[in-house]
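Using the numbering used here, the letters of the first sequence map in sequence onto residues 222 to 637. Glycine included, each C-beta is placed from N, C-alpha and C at the ideal position. Treat the numbers as computed from the prediction; the structure is a model and nothing was measured. Some notes on the structure that comes next.
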Amino acid sequence: MRQSHLFTKTRREAPADEVAKNAQFLIRGGFVHKEMAGVYSFLPLGLRVLEKVCGIIRKEMKTLGAEEIFFSSLQNRVLWQTTDRWDDERVDNWFKTKMKSGTEVGLGFTHEEPITAMLKTHLHSFRDLPLSLFQIQTKFRNETRAKSGIMRCREFLMKDLYSFSRTLPEHEAFYEKVKGAYRNIFDAVGIGGETFLTFAAGGTFSKYSHEFQTVTEAGEDTIHLCEKCRVAVNEEILHEQKTCPVCGTATLTPKRAVEVGNIFSLGTRFAEALRLTYRDEGGKEAFPIMGSYGLGLARLIGAVVEIHSDSAGIIWPRNVSPFEVHLISVDGGKEEVRGVAEELYRSLSERGVSVLFDDRDARAGEKFADADLIGIPYRAVVSERSLKEGGIELKERGREHIVLVPKSDIPTFTFA
RNA sequence: CGGGGUGUAGUAUAGUGGUAGUACACAUCCAUGGGGUGGAUGCAGUCCGAGUUCGAUUCUCGGCACCCCGACCA
């Protein structure tokens, strides 16, 4: 893409009303736009990052055998009354509104109810199980206080996955597989090293639920980390779990962290309340055992920015970068320099390399500063100087080392 | 939800009970062309409402919005 066609502009200064690094860089770079407190829209660069993250998630969901769906945001009040989750006394972060008729509807903050209810139409036999469904969809939560930039929003994208199993061992096996899938996702987006499986408050059907907490000062939870086992205990259950659940040590280090994902065992609570049953091998009526697995996309992106950035801007991990290469033409209007840059842009594009081509009529310093802010991992510079020295300069974002690639290598050059 | 704070141009900020200033951005021009270049000219603003006052962007009250701390976070 030509940067001259990119409608977003970078900003030199961070907005006065953002303190979180993730929001400051994402807004300065033109990735997102703030609509109101806790509500952010995605702009072209941000959307490209989002699509990369979605791609990584979809791949892992596919490996799990989950099928993708896309449910509505508007929710039927009767459904949620059935499970006793409509009352504001029970769930206080609902956004509710009314139809013209006066009938109340809710904006979904999660989707156990509608998905369970839908399956009454499609799930009848043990042969239909196990089954897992996921979506990447907008959730609404009426937070009393939005904070930490894009980390705690009132409207946000969530990947939510729901599993339906016949037996407890079958459920537990899937639950463990999801842990592995989540690990792969965090590794792929570049926060695997800072993200820890964390034991948190369970519920009716299990002693614990599991959270995936990414250690960062921008987080709002406190976890107690066992450095050896690389698992943690959420402070909220520290009164009942004072030691590492894996090795038993009491030497735990408190850390600030953000919950990027969580997984729950739900048992038959929703299936029973909504009367979702199937016929088992013996022809008897049975309830499927459910699990629910969430992953906040904006939080994930926010956490990546918090971890992968320096004073100049973002340093995107390759897998989530909006483009693979930032090609900068420092031509000052000189035809021969521009010609080489255009040739390189065409050559890379033809080979399927995604390139942000800074073809703007701007000075070198401004282009470099923008490139550092936007944070694409590879930077290629074509200039009169580089051509005189023999070719094109290549540099990795976040590193000082520059290599010179001969112009003749352009048609075949690949990034390591 | 409790406590605290802030609303001035597209952005970041200064200031004043009496014509609102600076920087960046933007527009035009000249010079320049490897780390946000120099210069000239131009465009653009006091959150909304009420009150006090001869006069309010400034003071008072109300509203709205935003931020921070805490509580909350199926």
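In the displayed model, residue 395 falls within a helix according to three-state DSSP.
Looking only at 582, 236, 500 and 611, the smallest Cα-Cα distance to residue 346 is reached by 500.
In this structure, residue 295 and residue 326 form a Cβ contact; the two beta carbons are roughly 5 Å apart against a cut-off of 8 Å. Our two residues, residue 343 and residue 421, have alpha carbons roughly 33 Å apart in a direct line.
Residue 290 places its beta carbon less than 8 Å from that of residue 354. For the pair residue 614 and residue 599, the CB atoms are not nearer than the 8 Å cut-off.
Membership of residue 561 in the alpha helix (DSSP H) is indicated by the continuous run 556-571. Looking only at 532, 527, 575 and 350, the smallest Cα-Cα distance to residue 539 is reached by 575.
Excluding sequence positions up to five before and after residue 227, its CB lies within less than 7 Å of the CB of 265, all in the same chain and listed in chain order. Annotation for residue 474: the continuous beta strand (DSSP E) segment containing it runs 474-488. The C-alpha of residue 571 is placed about 19 Å away from the C-alpha of residue 627. Burial state of residue 455 is buried, judged by a 10 Å Cβ sphere holding 16 or more other Cβ atoms. DSSP, reduced to helix, strand and coil, places residue 270 within a helical segment of the structure shown. In the structure shown, the three-state DSSP call for residue 552 is coil. The continuous alpha helix (DSSP H) containing residue 336 extends over residues 333-343. With contact defined as three or more Cβ pairs closer than 8 Å, the stretch 402-419 and the stretch 543-560 are not in contact. Within the model, the alpha-carbon separation for residue 611 versus residue 623 is close to 13 Å.
Residue 468 is classed as exposed because its beta carbon has fewer than 16 other beta carbons within 10 Å across all chains shown. For residue 359, the enclosing beta strand (DSSP E) begins and ends at 352-361.
When Cβ pairs closer than 8 Å are counted between the two stretches, the stretch 251-267 is seen to touch the stretch 364-379, the count reaching three or more. Within the same chain, Cβ atoms closer than 6 Å to the Cβ of residue 273 are found at 541, the five residues on either side in sequence being excluded. Excluding its 5 nearest sequence neighbours in each direction, residue 493 has C-beta neighbours in its own chain below 8 Å: 508, listed in chain order. DSSP links residue 613 through a beta bridge to 626.
If you draw a straight line from the Cα of residue 269 to the Cα of residue 460, it comes to about 43 Å. For secondary structure counted as the beta strand (DSSP E) over 3 or more consecutive residues, the stretch 249-312 holds these complete runs in sequence order: 253-257, 260-263 and 295-297. For residue 314, same chain residues with a beta-carbon under 7 Å away, outside a window of 5 residues either side, are 330, 362, 363 and 364 in chain order. Residue pairing by DSSP places residue 514 opposite 382 and 484 in a beta bridge. For the 8 Å CB-CB criterion, residue 350 and residue 287 do not form a contact. With a cutoff of 8 Å on beta-carbon distance, residue 477 and residue 512 are scored as not near each other. Judged by DSSP in its simplified three-state form, residue 455 adopts strand. Pairing residue 406 with residue 396, the inter-Cα distance amounts to about 15 Å. Per the C-alpha coordinates, the member of 333, 470 and 444 positioned closest to residue 297 is 333. Take the alpha-carbon of residue 402 and the one of residue 465: they are about 23 Å apart.
A residue is called buried once 16 or more other Cβ atoms fall within 10 Å of its Cβ, and residue 438, having fewer, is exposed.
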